[in-house]
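K.L.:
Residue numbers (the numbering used here): 43 to 409.
(1) For the candidate residues 106, 170, 154, whose alpha-carbon lies nearest to that of residue 139?
(2) If you draw a straight line from the alpha carbon of residue 222 to that of residue 191, how long is it in whole angstroms?
(3) Judging by CA-CA distance, which residue of 229, 206, 330, 363 is the nearest neighbour of residue 247?
(4) From residue 369 to residue 344, what does the alpha carbon distance come to, in whole angstroms?
(5) Going by C-alpha to C-alpha distance, which of 305, 323, 306, 301 sits closest to residue 315?
(6) Using only alpha-carbon positions, find the residue among 109, 388, 164 that is nearest to residue 251.
(7) Buried or exposed, going by whether 16 or more other CB atoms sit within 10 Å of the CB of residue 292?
(8) Could you pull the start and end residues of the beta strand (DSSP E) that residue 124 belongs to?
(9) Report the rounded CA-to-CA distance for residue 263 versus residue 109, giving the unit in angstroms.
(10) Spell out the partners DSSP gives residue 154 in its beta bridges.
(11) Taking the straight line between their C-alpha atoms, what separation do you get for residue 193 and residue 382?
(12) Could you check where the beta strand (DSSP E) with residue 107 kicks off and where it finishes?
(13) Could you compute how far the alpha carbon of residue 341 sits from the alpha carbon of residue 151?
(14) Tell me where the beta strand (DSSP E) around residue 134 begins and ends.
(15) What residue range is occupied by the uninterrupted alpha helix (DSSP H) comprising residue 194?
(16) Roughly how many angstroms lie between the CA atoms of residue 214 and residue 259, to the nearest whole one?
(17) Under the three-state reduction of DSSP, which class applies to residue 117: helix, strand or coil?
(18) Using DSSP bridges, identify the partner residues of residue 167.
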């Protein structure tokens with residue numbers, strides 16, 4: 043509840059600042075001296091002006107490169123490989139740096155607002171050529187790196203247990219992992235799944251640590267916000283949905299299609315219960331996606347406030363910098379806590395939904 047209040051206050055502060063000063067910034071970025079500037083010059087000025095919305099979207103959306111910072115005229119980036127296929131041209135494999143940040147055409151292709159499109163000899167988009175993009179975007183690369191890191195850490199912990207057993211006190215990273223595993227077992231799996239908790243522990247632990255590692259890595263400046271990508275959360279939600287559905291029993295489906303209520307109420311309740319099967323994974327998908335995107339947007343907004351004030355006055359920009367940095371650091375620390383909370387919430391709700399799907403099982407009667 044406290045975290046929600048903090049985020050709400052942050053959003054209110056940003057809204058007030060942008061409302062108060064958006065008119066002044068817009069006036070400064072728009073040519074006002076008629077007769078001295080042409081319409082074309084005004085357009086060029088707008089294109090070169092600071093655009094917070096564009097920068098925020100670039101930060102939270104997927105891309106074909108890791109962009110760390112801009113130093114003068116140089117941009118410090120790590121381009122990623124482009125892998126595309128079309129029936130007309132076949133496969134093409136090259137580095138995204140060939141596009142020169144979207145300014146150049148390479149081998150009949152170009153980058154249009156982050157999306158790779160085919161072009162004709164005149165440089166115009168060839169609508170007749172349908173492309174299939176298999177490129178390794180920064181979300182994909184970072185997810186694979188996070189998966190590799192998680193696998194390496196867990197194998198190391200497992201080897202220590204295999205070597206030392208339970209007779210030796212845990213040490214190193216093993217000492218940090220063991221309380222988390224115990225917590226997931228005692229506070230998530232057992233209360234919701236009863237005696238069947240051991241069957242689902244591998245999946246619950248995998249989901250928890252996979253989300254947690256991606257959340258933490260996504261907070262490193264220059265990296266991608268993988269868990270803030272709807273495709274990522276959809277895949278996790280679908281997997282949880284399949285686990286939930288395959289854990290159901292006859293008692294569960296009888297409650298869905300023939301609930302123990304008066305017959306007239308069944309007409310309303312059956313469709314509601316059936317839709318509820320799909321709203322559960324949808325809640326998992328949206329909750330994780332929205333919270334991780336919101337955190338990154340708030341952090342980016344506080345950084346952008348420096349440039350928004352700087353567009354009004356250089357003095358105002360420098361004067362507001364300490365305030366903006368202080369709020370940014372504060373929200374950043376909150377986001378570290380949110381990274382753990384969201385991993386826990388996704389895992390806990392998954393266990394709750396699995397437990398509901400197994401409701402009425404005989405082995406659960408004693409529990």
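We treat Cβ as the ideally placed atom computed from N, Cα and C, and that holds for glycine.
P.N.:
Here's the rundown:
(1) 106
(2) 17 Å
(3) 229
(4) 7 Å
(5) 301
(6) 388
(7) exposed
(8) 123-128
(9) 9 Å
(10) 157
(11) 19 Å
(12) 107-113
(13) 35 Å
(14) 132-137
(15) 180-206
(16) 20 Å
(17) strand
(18) 161
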